[in-house]
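Pasting the structure below:
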């Protein structure tokens with residue numbers, strides 16, 4: 653896993669959160685979190701010196717360092733995703749949507765729902781074999797969910813679902829669908845044996 657990518661993501665959002673677990677430390681920005689397996693414990697000073705964060709830049713970043721893991725990390729750590737009942741493999745859809753300069757990944761949820769997450773939070777896994785990576789949907793409570801990224805049976809990241817499903821967004825998608833369907837019908841009406849009519 654590319655820790656430098658995690659740091660770059662955190663710097664880009666202006667927030668770095670460190671959580672001290674019994675064995676591993678976790679790092680994130682409030683929207684995604686990653687375990688630092690096999691690494692020495694970091695604090696603000698060692699993190700800045702190790703990853704070349706200048707003092708002027710550090711002043712613009714909100715640092716949070718908690719002694720202990722929040723419940724949502726503890727709960728995910730105690731699960732073996734893919735083996736326990738109720739944990740569903742995320743079905744990633746082919747299209748990507750760009751909104752607010754974010755590239756959103758649509759995920760078909762178990763049942764008929766849908767959720768999205770920001771694709772940049774997958775960047776830290778770019779050096780890992782995609783064949784061993786899996787993504788699971790995990791509901792934190794009735795209203796909140798996240799996606800758990802695993803390498804084999806080891807949790808390597810948590811990514812919060814992006815809160816974008818509002819009236820305007822859904823209405824825009826509905827208009828895109830209607831227009832695409834009309835365009836498809838028009839295109840098919842112009843085709844003869846797979847060739848466009850002149």
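Numbering (the working numbering), first residue to last: 653 to 850.
Glycine is no exception: its CB is placed at the ideal position from the N, C-alpha and C atoms.
Just so you know, these numbers come straight off a predicted model, no measurement behind them.
- In the DSSP assignment, residue 754 forms a beta bridge with 751.
- Sixteen is the threshold: since fewer than 16 other Cβ atoms of the shown chains lie within 10 Å of the Cβ of residue 709, the residue is exposed.
- Of the candidates 809, 657 and 661, the residue whose Cα lies closest to the Cα of residue 713 is 661.
- When beta bridges are read from the DSSP output, residue 806 appears opposite 803.
- Counting along the chain, the unbroken beta strand (DSSP E) around residue 715 starts and ends at 714 to 718.
- Excluding the 5 residues flanking it on each side, residue 728 has same chain C-beta neighbours closer than 7 Å at 790, 800, 807 and 810, in chain order.
- Straight-line measurement puts the Cα of residue 654 at about 26 Å from the Cα of residue 792.
- Looking at 706, 813, 779 and 817, the one whose alpha-carbon comes closest to that of residue 685 is 813.
- Residue 770 counts as buried, since no fewer than 16 other beta carbons sit within 10 angstroms of its beta carbon.
- Straight-line spacing of the CA atoms in residue 716 and residue 689 works out to 20 Å.
- Residue 724 sits in a helix when the DSSP states are folded into three classes.
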